[in-house]
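A quick write-up on the structure given underneath.
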Amino acid sequence: MAREKTIGKKVSCRGIGLHSGKNIHLNLLPAKPGDGIVFVRTDIGRTAIPANEAHVLPSQFSTIIGAKGATVQTVEHLLAAVAALEIDNLIIELDGPEVPAMDGSASPFISLLLDAGTTTQAKERPFIEILKPLRISEKGKSITIRPSSTFEVLYKIDFDHSVIAKQSYHYWHSPQAFIRDIAPARTFAFLKDVSYLQSQGLAMGGSLDNAVVIGDSSVLNKQGLRYSDEFVRHKVLDLVGDFSLLGRPILGRVEANCSGHQLHVALVKEIFKNKKAWRMVSAPASQETHPKKYPIPSYQSIPLPA
Ligand SMILES: [Zn+2]
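Here it is in structure tokens:
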């Protein structure tokens, strides 16, 4: 039987919010069994915002959660790292409206969580087992979940731009696979969209230090890419974070086609609504040992083909 986990000690970091541009301090603290993942806005009366589907607000470019008038933006990369390391209970304190972007990937949060270590708790950790397929589609984009004995994601993207074009990636969840293959993949933006985003009050903290920026025919970041298919890997990262809003680990295969935060969240809500499409089950304890066994790989910059 798997048991819930929290972190072993308080850890902290500071950084700029990708969209808000604000400099924000973040603390991660252990939480009690059964409490789940809860954001706390220390700058507005310690307002607590549980990271679950009931608190998701409509948004397009990042995932936003809110409660009692307080919101937190761009929660997905931190939540992906927390879910990937199979942490169930955590307090996330922030003194502003957004999770710091760090380098635009989940690796800095993985490092922080590995530094904190994990503590196994007495409460059982149940899984959501998908029993029948659910699908959402919209304007040529779709996302489907089907039964599977493990959590796996098959992601396909198709951009009308030569730098990305068609990419696909099949991810089978394990802490090791996430740390090695997914966590370092950074968020990305097209240079031509940046001024529009900024006119909408978005991407105010965006830079080549926290995003891959794509020009007319090449990546503008001097170091190039961390993987030749970094873009689709980042989409998997976003999906892992968004699906953690289910509040429990999932046994199911997600197939995403040109999807994004809106469809990820729509499917999470659809799963919640369709109680006959899944059941809660006990699962054997993870075969993985402590993820400290798996050091974070050094990034290999892969230059784009000329
Ligand atoms: Zn992202």
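Just so you know, the working numbering puts the end of the sequence shown at 317, numbered straight through with nothing missing. For glycine and all other residues, C-beta sits at the position ideal for the given N, C-alpha and C.
Cβ neighbours of glycine 26 within its own chain (closer than 7 Å, five residues either side excluded): Ile35, Pro111, Ala112, Met113. Short of 8 Å from the beta carbon of valine 205, and not among the five residues preceding or following it, lie these beta carbons of its own chain, in chain order: Ala214, Gly217, Val224. Under the rule that a run must span 3 or more residues, the beta strand (DSSP E) segments found entirely inside the region 186-218 read 199-201. Rounded to whole angstroms, the Cβ separation of isoleucine 193 and arginine 244 is 6 Å, and the two are in contact under 8 Å. Leucine 123 and aspartate 253 have their C-alpha atoms some 20 Å from each other.
Distances from the CB of aspartate 249 to the heavy atoms of ligand 1 include at least one below 8 Å. Distances taken from the Cβ of glutamate 87 to the heavy atoms of ligand 1 include one shorter than 8 Å. For glycine 56, the closest alpha carbon among the candidates Gly107, Lys287, Leu236 is that of Gly107. Under DSSP, threonine 53 shares a beta bridge with no residue. In the structure shown, serine 179 adopts extended strand secondary structure according to DSSP, grouped into three states. For valine 86, the three-state secondary structure derived from DSSP is coil.
For aspartate 249, the number of other beta carbons within 10 angstroms of its own is at least 16, and it is reported as buried. Within its own chain, the residues whose Cβ lies closer than 6 Å to the Cβ of glutamate 87, once the five positions on either side in sequence are excluded, are Thr74, Asp249, Gly252, Asp253, listed in chain order. In chain order, Ile168, Asp240, Phe242, Val243 place their CB closer than 7 Å to the CB of glutamine 178, counting only its own chain and leaving out the 5 sequence neighbours on each side.
At a cut-off of 3 residues, the continuous stretches assigned as beta strand (DSSP E) that sit fully inside the region 20-70 are 22-27, 34-41, 48-52, 58-61. In the DSSP secondary-structure assignment, valine 230 is bridged to Ile225.
Glycine 258 sits away from serine 159, with the two beta carbons spaced by 9 Å or more. One Cα belongs to alanine 200, the other to alanine 222, and the distance between them is close to 7 Å. Along the region 88-145, the alpha helix (DSSP H) occurs as fully enclosed runs of 4 or more residues at 118-127, listed in sequence order. In this structure, the alpha-carbon of alanine 288 lies about 14 Å from that of isoleucine 147. When only Cα atoms are considered, leucine 105 and phenylalanine 120 end up about 14 Å apart. In the three-state scheme derived from DSSP, where H, G and I count as helix and E and B as strand, aspartate 249 is classed as helix.
The nearest non-hydrogen atom of ligand 1 is 8 Å or more from the C-beta of histidine 184. Just measuring C-alpha positions, the residue of Tyr166, Glu140, Asn268 sitting nearest lysine 286 is Glu140. Counting along the chain, leucine 278 sits inside the alpha helix (DSSP H) bounded by residues 272-284. Judged by DSSP secondary structure, alanine 267 falls within the beta strand (DSSP E) whose first and last residues are 261-268.
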